[in-house]
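**Student:**
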Amino acid sequence: MSHPGNSSDDATETPTSDADPAGVEALRDAERRLQRAQLTSDVQTLDRLLDDRLVFTGPDGRLYSKQDDLHVHRSGEQTITRVDEEDLGVLVAGGTGLTFFLGTLEGAMAGQPFLARVRYTRTWVHEADRGWRLIAAHVSAASEDVVAPT
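Last residue of the sequence shown: 145 in this note's numbering, with the numbers rising by one and none dropped.
(1) To the nearest angstrom, report how far apart Asp37 and Arg117 are at their CA atoms.
(2) Have a look at Gln62 and Asp46 and give me their C-alpha separation to the nearest angstrom.
(3) On the DSSP letters alone, give me the boundaries of the alpha helix (DSSP H) that Val38 sits inside.
(4) Please identify the residue among Glu80, Ile130, Leu110 whose C-alpha is closest to the C-alpha of Leu97.
(5) Just to confirm, are Leu65 and Asp42 a CB contact at a threshold of 9 Å?
(6) Taking buried to mean at least 16 other C-beta atoms within 10 Å of its own C-beta, is Ala123 buried or exposed?
(7) Run through DSSP, which three-state label would Leu129 get?
(8) With distance defined between alpha-carbon atoms, name the residue in Ala111, Val142, Asp140, Leu44 nearest to Ile75.
(9) Among the residues of its own chain, which have a CB less than 6 Å from the CB of Glu26, if the five just before and after it don't count?
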């Protein structure tokens, strides 16, 4: 589940929804805070941004919880050393938001290095007192012929 360490200002961004521009920007900000927290294994920030009901579908089809995600960061089992964002789409519909990340991640999982081009689809819920929180996510491999919209 990851991002920064890159020059995201250079990344292409897919068009956003016609929703309230402030809501779209707040969700984009939450996505980028999530990515920075993953890159630095900032468990406190992750705990605030991940909903307790989080379900994450990994590239192997296995399901993971918020506690699973916090554990790999807290223990150092997963480290992310680089995220190169090619595209970030944001869609807001009422109190639900979606983010679509396309990019390359580098790091290690259980001591094994990885380098992967991936597409993340993340579902967020907005609560007035807590802001945007991630409730579901899915990651899959993205082949080289997948391109960001222009």
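In this text, a Cβ means the ideal position worked out from N, Cα and C, and glycines have one as well.
**Tutor:** According to the structure data:
(1) The residue you call residue 37 lines up with position 42 of the sequence shown. The residue you call residue 117 lines up with position 122 of the sequence shown. For Asp37 and Arg117, the distance between alpha carbons rounds to 19 Å.
(2) On the sequence shown, residue 62 is found 67 positions in, with the first residue counted as 1. On the sequence shown, residue 46 is found 51 positions in, with the first residue counted as 1. Whole-angstrom Cα-Cα distance: 10 Å.
(3) For this step, residue 38 is matched to residue 43 along the sequence shown. For Val38, the enclosing alpha helix (DSSP H) stretches over residues 38 to 44.
(4) Along the sequence shown, read from residue 1 onward, the residue named residue 97 stands at position 102. Selection Glu80, Ile130, Leu110 evaluated against Leu97 yields Glu80 as nearest (Cα-Cα).
(5) Position 70 of the sequence shown, counting from 1, holds the residue named residue 65. Position 47 of the sequence shown, counting from 1, holds the residue named residue 42. Yes.
(6) Taking the first residue of the sequence shown as position 1, residue 123 is located at position 128. Exposed, by the Cβ-count rule.
(7) Position 134 of the sequence shown, counted from the first residue, corresponds to residue 129. Note: Leu129 maps to strand in three-state DSSP.
(8) For the purposes of this step, residue 75 is taken as the residue at position 80 of the sequence shown. Check the Cα spacing between Ile75 and each of Ala111, Val142, Asp140, Leu44: the tightest is with Ala111.
(9) By one-based count along the sequence shown, residue 26 stands at place 31. Sequence-distant Cβ neighbours of Glu26 in its own chain, meaning closer than 6 Å and more than five residues away, are Thr94.
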